[in-house]
Amino acid sequence: MGIFKTRKNKTYSYTPRHYKGEGNPYEIKHKFDDFRTTVGSNKGLKNKLVTALNDYKHNQNQSANKRVLIIIGILILIFLFIIEFDLSIFF
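If you read the sequence shown in my numbering, its first letter stands for residue 115, the second for the next number, and so on.
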């Protein structure tokens with residue numbers, strides 16, 4: 115047991131006696147986990163950031179990418195307004 119290592123939760127392969135379906139009905143899983151690449155056993159902040167950037171670069175939905183860039187631009191302008199940055203140097 116290391117100080118900086120996180121413990122993994124125990125998993126059991128329990129199947130109910132009278133269940134007639136596919137998979138385990140008690141499996142706790144988010145409904146979008148199959149579509150995300152950033153969910154999983156990525157260790158470290160750098161690996162998570164790299165996978166998120168790769169997912170952003172190879173995204174098929176270009177309108178979502180534009181929307182994210184517009185939101186980031188607006189937030190930067192609001193931040194510059196709050197710290198009273200002189201925007202006249204750009205004009």
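Built from N, CA and C at the ideal position, the CB exists for glycine as well.
Can you look up residue i in the DSSP assignment and give me helix, strand or coil?
{"i": "K157", "result": "coil"}
{"i": "Q174", "result": "coil"}
{"i": "G187", "result": "helix"}
{"i": "R181", "result": "helix"}
{"i": "K143", "result": "coil"}
{"i": "F204", "result": "helix"}
{"i": "N123", "result": "coil"}
{"i": "F149", "result": "coil"}
{"i": "F193", "result": "helix"}
{"i": "K134", "result": "coil"}
Kindly examine the ligand SAM and report whether one of its heavy atoms sits closer than 8 Å to the Cβ of residue i.
{"i": "L189", "result": "Looking for the ligand SAM in the displayed structure turns up nothing, as the structure carries no ligands at all."}
Quick one: measure Cβ to Cβ for residue i and residue j, integer angstroms, because I've assumed they're closer than 8 Å.
{"i": "I170", "j": "N179", "result": "In the sequence as presented, Ile is not what sits at residue 170; that position holds Tyr. Between N179 and Y170 the Cβ distance is about 7 Å, and since that is below 8 Å, they are a contact."}
{"i": "L194", "j": "L183", "result": "Their Cβ separation, rounded to whole angstroms, is 17 Å, which puts L194 and L183 out of contact at 8 Å."}
Could you say which of the options lies nearest to residue i if we only look at CA atoms?
{"i": "K119", "options": "D148, F204, K157, K145", "result": "K157"}
{"i": "T125", "options": "F199, K143, I188", "result": "K143"}
Rounded to whole angstroms, what's the CA-CA distance from residue i to residue j? Just pull it up for me.
{"i": "F146", "j": "V164", "result": "20 Å"}
{"i": "S134", "j": "Y128", "result": "Sequence inspection shows Lys at residue 134; the Ser mentioned does not correspond to that position. Approximately 14 Å between the Cα atoms of the pair."}
{"i": "I186", "j": "E141", "result": "37 Å"}
{"i": "I196", "j": "N168", "result": "32 Å"}
{"i": "N175", "j": "E136", "result": "32 Å"}
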